[in-house]
Structure formats: C-alpha cells, structure tokens
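Going down the list, the protein sequences come from chains A and H.
So for the first sequence, the UniProt record's numbering puts the first residue at 1; every next one is plus one.
So for the second sequence, the UniProt record's numbering puts the first residue at 1; every next one is plus one.
Where a beta carbon is used, it is the ideal one built from N, C-alpha and C, also for glycine.
For clarity, every value in this text was computed on a predicted model and none was experimentally measured.
Worksheet for the structure shown next.
There are 2 protein chains.
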Amino acid sequence: MALLSFLFQSKPKTATAAKERLQIIIARERNGRTGPDFLPALHKELIEVISKYTKVNADDIKISLDRQGNLEVLDVNVVLPDA
Amino acid sequence: MALLSFLFQSKPKTATAAKERLQIIIARERNGRTGPDFLPALHKELIEVISKYTKVNADDIKISLDRQGNLEVLDVNVVLPDA
Numbered sequence: 001m002a003l004l005s006f007l008f009q010s011k012p013k014t015a016t017a018a019k020e021r022l023q024i025i026i027a028r029e030r031n032g033r034t035g036p037d038f039l040p041a042l043h044k045e046l047i048e049v050i051s052k053y054t055k056v057n058a059d060d061i062k063i064s065l066d067r068q069g070n071l072e073v074l075d076v077n078v079v080l081p082d083a
Numbered sequence: 001m002a003l004l005s006f007l008f009q010s011k012p013k014t015a016t017a018a019k020e021r022l023q024i025i026i027a028r029e030r031n032g033r034t035g036p037d038f039l040p041a042l043h044k045e046l047i048e049v050i051s052k053y054t055k056v057n058a059d060d061i062k063i064s065l066d067r068q069g070n071l072e073v074l075d076v077n078v079v080l081p082d083a
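Here it is in structure tokens:
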C-alpha cells in the first residue's frame, strides 16, 4: 500500500517522534455541481468523535484544507498524548 | 500536494466515474504500547457523521484496514448518490 509512505509526512524529527499520532484525510471529489460544502463542518465533528476514544488537546491538532480542480482534501494531524 | 495523486486510486473507469466521491483515510501510528484499538469503532461513527451531511448508502461504502509495522490505516471510500 504505497499510500502509507505519504502518511505522517509532517512528522517532526524531535522528541515527540515517539508519540502516538493519528492522521485523518478526507478527500471529496466533486463532479462540478455545487452542493453543500460540508468538509469544514465534518472535520469539527470528527474531532469530537475522536475525542471520545482518546484524549485530544486542541493545540495538538494541525489541519490543512487543499483544493485542486474538483478535489478538496482536508488533512488532520493529531499528536496523541501519552496514555 | 503529491498525496492527491494517491487519493481515489480505486476509481472505477465505468459510468459511475462522474459520481461524487468521498475518501476518508484514518492512519494511526502507534509507538509500541498497546492501548485501545479504536479504529473500527471510529470508522463506524464517521459513517454516521457523514450521513448527517449527505445521503450515504451502506453498499456504496468500501472499507479496507491495513496494518504495517506500527502503522494502521483505515481507508473508507464512499460513492455519493446524485444530489
């Protein structure tokens, strides 16, 4: 699964390297029609769902939203606190 | 963002090509300690969250769970129905 080599690309080389990480990528490929832009709202609820399973500090979450052509990609990187 | 070239890899070349698609990738990098395996439960709730924003038919969802070393990757592909 070559996709694995792209995950956690933004991994810092510092002491936090041994931390557990979670990365969520949501990609939406539109076929031209408008329709609601639900990625921002979806992302907010995802963080809530994740927080049910593991402690997540808001400042340990990095988010990026990229648009290229008809593709929108929301990339959420979370450094999980030590258990 | 080279990651984009990896998204929607499993896109069929058939009539459904013009459909809207959603891909969710959840990757968890563990640092050896066990800790709860929450990806399966997380994935179930994600589908529920997505269904709030757009109609999703259960049989339009393809899921794969890959493990490599300390990396677990849940890959959810959803073909969205015509609006």
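DSSP three-state assignment for residue i, whether helix, strand or coil
i: V79/A; result: strand
i: D66/H; result: strand
i: V49/H; result: helix
Counted within 10 angstroms of its Cβ, other Cβ atoms place residue i as buried (16 or more) or exposed
i: D75/H; result: buried
i: N77/H; result: buried
i: Q23/A; result: buried
i: A27/A; result: buried
i: L42/H; result: buried
i: L46/H; result: buried
Sequence-distant residues of the same chain with beta carbon closer than 8 Å to residue i, five excluded per side
i: I50/H; result: L22, I24, V56, V78
i: D60/H; result: V78, V79, L80, P81
7 Å Cβ cutoff met for residue i and residue j
i: N31/H; j: E20/A; result: yes
Contact set for residue i: own chain, Cβ-Cβ below 7 Å, skip 5 residues either direction
i: E29/A; result: N70, L71
Same chain, Cβ closer than 6 Å to residue i, five either side skipped, listed in chain order
i: K62/H; result: N77
i: D66/A; result: V73
i: S64/A; result: D75
Problem set entry | Contacting positions in the region 34 to 65 of chain H - beta carbon closer than 8 Å to chain A | Residues of the region 34 to 65 of chain H that bring their beta carbon within less than 8 Å of a beta carbon in chain A comprise G35, P36, F38, A41, L42, E45, L46, V49, I50, K52, Y53, T54, in sequence order.
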